[in-house]
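Reminder that position 26 of the sequence shown reads as 487 in the working numbering, one-by-one numbering, no gaps. Think of the CB as a built atom: it goes at the ideal place given N, C-alpha and C, for glycine as much as any other residue. Following: one structure in structure tokens, then a few remarks.
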Amino acid sequence: MVVEATTSFKGSSQARIANVKVAAQRFNGVIIPPKGTFSFNDIVGNISKEDGFEEGLVIVGNRTIKGVGGGVCQVSTTAYQAALKGGFPVVERYNHGYRVRYYEDKVMGLGPGFDSTVFSPWADLKFVNDSEAHLLIETEYNPSKVTLTFRMYGTKDGREVQFTDMTEWDKVLAPPDLYEKDIEGEVAAGQIKQVDYAVDGATMSFVRTVTRNGETLISEKVISQYQPWANRFKFGEGAVLPEGAQVVEPEQ
Numbered sequence: 462m463v464v465e466a467t468t469s470f471k472g473s474s475q476a477r478i479a480n481v482k483v484a485a486q487r488f489n490g491v492i493i494p495p496k497g498t499f500s501f502n503d504i505v506g507n508i509s510k511e512d513g514f515e516e517g518l519v520i521v522g523n524r525t526i527k528g529v530g531g532g533v534c535q536v537s538t539t540a541y542q543a544a545l546k547g548g549f550p551v552v553e554r555y556n557h558g559y560r561v562r563y564y565e566d567k568v569m570g571l572g573p574g575f576d577s578t579v580f581s582p583w584a585d586l587k588f589v590n591d592s593e594a595h596l597l598i599e600t601e602y603n604p605s606k607v608t609l610t611f612r613m614y615g616t617k618d619g620r621e622v623q624f625t626d627m628t629e630w631d632k633v634l635a636p637p638d639l640y641e642k643d644i645e646g647e648v649a650a651g652q653i654k655q656v657d658y659a660v661d662g663a664t665m666s667f668v669r670t671v672t673r674n675g676e677t678l679i680s681e682k683v684i685s686q687y688q689p690w691a692n693r694f695k696f697g698e699g700a701v702l703p704e705g706a707q708v709v710e711p712e713q
């Protein structure tokens, strides 16, 4: 085995868990030839209910909304961490708009700043197998541990990977709570339901150095910018809101 990476999705909804499983299966058995490029979007393919995915929560712009395929980024994040740890050149990667707790576990994962969001066809995760051997991907979805593991098998070529200078700066506190009227009939009259959770914004970075036999193959500083995120609530007809509550128009 060349490398493996594991992330946890403990606390996910059943829909999110189902989507992690479906997406992970798409990568099991994939072979990347020498000098070949891994494209997450090409491999995962179409994300729709017809393709086995369920409706969950997805990040679109500055909102968390209902959408098919919520949880697929758990798979792309795990693949990204495997590529980083394996010492492969990452040629395309985007961080999430805000910090997501599933990807910040330092026990089961690399921690904050090591996530990867995908949204076909605009945002992909790509890395190059710059070794002289084929890479075979194995994915392991573990429902009892609530973890996902990416393994890559091939021929080790002596490269070593170090992560240093993991830094967080420009921290911005989460904005005030936001309230919007429920127009979808999800919240009973007089009730208030929290649909999004606050998180502070920040800029994070790390340095990855890949060496082999004393030669530096990769030396890169990876920077991720996360915007602050507000608590968001939906309220039903006649609900009494806190004094001074900031009400925003619901998106149609």
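Exercise. Between GLY547 and the rest of its own chain, which residues show a CB-CB distance below 7 Å, the 5 nearest in sequence each way excluded?
Worked result: Here residue 547 refers to the residue found at position 86 when the sequence shown is read from its first residue. The residues are VAL463, VAL464, MET613.
Problem set entry | THR578: first and last residue of the uninterrupted alpha helix (DSSP H) it sits in | As a position in the sequence shown, residue 578 is number 117, starting the count at 1. No alpha helix (DSSP H) holds THR578; DSSP gives it neither H nor E.
For this session: Name the one or two DSSP bridge partners that PHE501 has.
Result: Locating residue 501 in the sequence shown gives position 40, where the first residue counts as 1. Note: PHE501 sits in no beta bridge, so no partner.
Exercise. Between the C-alpha atoms of THR467 and LEU571, what's the straight-line distance to the nearest angstrom?
Worked result: Position 6 of the sequence shown, counted from the first residue, corresponds to residue 467. Position 110 of the sequence shown, counted from the first residue, corresponds to residue 571. Distance between the alpha carbons of THR467 and LEU571: 9 Å.
Exercise. Is there a Cβ from chain C that is less than 8 Å from the Cβ of ARG693?
Worked result: Any reference to chain C falls outside this structure, which holds one protein chain only.
Problem set entry | ASN603 burial status per 10 Å Cβ neighbour count (16 or more: buried) | The residue given as residue 603 occupies position 142 in the sequence shown. Looking at its Cβ environment, which holds fewer than 16 other Cβ atoms inside 10 Å, ASN603 is exposed.
For this session: Please look up how many angstroms separate the CB atoms of GLU553 and ASP503, rounded, as I've assumed it's under 8 Å.
Result: Along the sequence shown, one-based indexing puts residue 553 at 92. Along the sequence shown, one-based indexing puts residue 503 at 42. Wrong, their Cβ atoms sit about 12 Å apart, outside the cutoff.
For this session: Give me whichever residues DSSP pairs with GLU565 in a beta bridge.
Result: Mapped onto the sequence shown, residue 565 falls at position 104. DSSP output for GLU565 lists no bridge partner at all.
Exercise. Which runs of the beta strand (DSSP E) spanning at least 3 residues fall entirely within the stretch 629-712, listed in chain order?
Worked result: 639-642, 653-657, 662-673, 676-687, 693-696
Exercise. Who are the near neighbours of ALA476 in its chain, counting only those whose CB is closer than 7 Å to its CB and skipping five residues on each side?
Worked result: For this step, residue 476 is matched to residue 15 along the sequence shown. Result list for ALA476: GLU515, GLU516, GLY517, GLY531, in chain order.
Exercise. From the DSSP output, which residues share a beta bridge with GLY517?
Worked result: Position 56 of the sequence shown, counting from 1, holds the residue named residue 517. Partner(s): GLY528.
Problem set entry | Spatially closest choice to VAL668 from ALA659, ASP661, VAL660, VAL683, by CA coordinates | Counting from one through the sequence shown, the residue named residue 668 turns up at place 207. Closest option to VAL668, Cα to Cα, is VAL683.
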